[in-house]
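Chains as they are written, first to last, in our numbering: chain A, 5 to 172; chain B, 160 to 390.
Reading through the structure tokens given below for one structure.
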């Protein structure tokens, strides 16, 4: 079911249930002083688009909006001529700086991954979404999300093995 | 996290390697601001878009990206139709395009169409309604078409495509336009230049004969395209 249930009262509940999740999602990806502004944008869009919210998948839907807001935020921050910037890699995966990894070989391997791999891994591993929820957050099918995760995991393992062999 | 992931030792270790983020406590003022935000659907304004001030050489105001995704066999059709002996020019056959990201990903190739298609998804964070306000007025624009093997610009008829999106047409066919990127159809991404790169995506839904979709598609089928170097 999509959206028709999302009256004002339901939206208030959505907000209260997930405000801190959105805050955590953002703080993994941007500096803390930008979180409030971006969260404000996310909920403003969510309010306007609330009719599109799939019942039972409110949080991944919010993450999907957050992904778009983040992508635009980073694109603007880079202040690039954006004629073809959309052909660039995605801009929603956590950066190494904001994710605060512990410096282990595994975290170094993660940082070596492409942003597409980091994106799916971050949703599943750090944000705790299921495959189905990650698919909604990314706007793709569950099957595609599963394949993406599988490939990302394989590349993570490969990077880890390479790092470990270099350190031996 | 689902059970399958929980049992994955590598992913579990990765999860443990990330420090628990100290997320700011956000106030409910965000809620009040959100629910007071107005729907931006409304009568179109006739003001000149700010972006016109950013003209470079009198050229680009808007960049439009039409993300088409092809499966491998359709890419072959495209290649077969390239004129012999020409450089950078190709006729594009658009008979059996598949417009979903899933189809493209099946090919396991992260190509330009993949990125273009992903970008279409940016619509949520913008206001397609505003895009309509800006675009219908027929300002100069580049319409760039992303297909599996490159980025193309229409040679002659981009004006015709642009004219399709003028107010009179959009009013007539408003029911055939949507912001929902999951809908099959022709997906455009309009990208402003010089004002932060705001994106204004729109999906022209697949529909019946004589539909807006068919008209846009027919114009595109009849055009020729020049490949744009990316460097």
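Ideal Cβ placement from N, Cα and C applies to all residues, glycine included.
Quick check on residue i: does DSSP put it in helix, strand or coil?
| i | result |
| --- | --- |
| residue 177 of chain B | strand |
| residue 364 of chain B | strand |
| residue 133 of chain A | coil |
| residue 58 of chain A | strand |
| residue 337 of chain B | strand |
| residue 19 of chain A | helix |
| residue 53 of chain A | coil |
| residue 33 of chain A | coil |
| residue 111 of chain A | helix |
| residue 332 of chain B | coil |
| residue 187 of chain B | coil |
| residue 182 of chain B | coil |
| residue 74 of chain A | helix |
| residue 170 of chain B | helix |
| residue 124 of chain A | helix |
| residue 194 of chain B | helix |
| residue 164 of chain A | helix |
| residue 117 of chain A | coil |
| residue 369 of chain B | coil |
| residue 45 of chain A | helix |
| residue 145 of chain A | coil |
Does any residue of chain B have a CB that is nearer than 9 Å to the CB of residue i?
| i | result |
| --- | --- |
| residue 28 of chain A | yes |
| residue 61 of chain A | no |
| residue 167 of chain A | no |
| residue 159 of chain A | no |
| residue 67 of chain A | no |
| residue 14 of chain A | no |
| residue 163 of chain A | no |
| residue 48 of chain A | yes |
| residue 40 of chain A | yes |
| residue 5 of chain A | For residue 5 of chain A, the predicted model reports a pLDDT of 45, less than 50, meaning its position is unreliable and no value from the coordinates is stated. |
Using C-beta distances below 7 Å, list every residue in its chain close to residue i, excluding the 5 sequence neighbours before and after it, in chain order.
| i | result |
| --- | --- |
| residue 149 of chain A | 124, 135, 138, 139, 142 |
| residue 167 of chain A | 109, 112, 113 |
| residue 169 of chain B | none |
| residue 18 of chain A | 62 |
| residue 65 of chain A | 57, 58, 140 |
| residue 370 of chain B | 335 |
Does the ligand MN have a heavy atom nearer than 8 Å to the CB of residue i?
| i | result |
| --- | --- |
| residue 66 of chain A | The ligand MN is not among the ligands present in this structure, which contains no ligands whatsoever. |
How many whole angstroms separate the CB atoms of residue i and residue j, which I take to be in contact at a CB cut-off of 8 Å?
| i | j | result |
| --- | --- | --- |
| residue 195 of chain A | residue 30 of chain A | Because chain A here runs from 5 to 172, residue 195 of chain A falls outside it and cannot be looked at. |
| residue 161 of chain A | residue 183 of chain B | Going by Cβ atoms, the distance from residue 161 of chain A to residue 183 of chain B rounds to 34 Å, so no, they are not a contact pair. |
| residue 337 of chain B | residue 15 of chain A | Contact doesn't hold; Cβ gap of about 22 Å is too wide. |
| residue 48 of chain A | residue 185 of chain B | Not a contact, Cβ separation roughly 13 Å. |
| residue 156 of chain A | residue 117 of chain A | 7 Å |
Can you name, in chain order, every residue of its own chain whose Cβ lies under 8 Å from the Cβ of residue i, other than the five neighbours on each side?
| i | result |
| --- | --- |
| residue 145 of chain A | 139 |
| residue 164 of chain A | 109, 110, 113 |
| residue 128 of chain A | 134, 135, 138, 153 |
Using a Cβ-Cβ cut-off of 9 Å, state whether residue i counts as contacting chain A.
| i | result |
| --- | --- |
| residue 172 of chain B | yes |
| residue 190 of chain B | yes |
| residue 336 of chain B | no |
| residue 176 of chain B | yes |
| residue 186 of chain B | yes |
| residue 255 of chain B | Summary for residue 255 of chain B: the model assigns pLDDT 27, below 50, so the residue's position carries little reliability, and this model does not support an answer. |
By Cβ distance, which residues of its chain are closer than 6 Å to residue i, with the 5 residues on each side in sequence left out?
| i | result |
| --- | --- |
| residue 121 of chain A | 156, 159 |
| residue 188 of chain B | none |
Give the residues of chain C in contact with residue i, contact being defined as C-beta atoms less than 8 Å apart.
| i | result |
| --- | --- |
| residue 31 of chain A | In the structure shown, chain C does not exist; the protein chains are A and B. |
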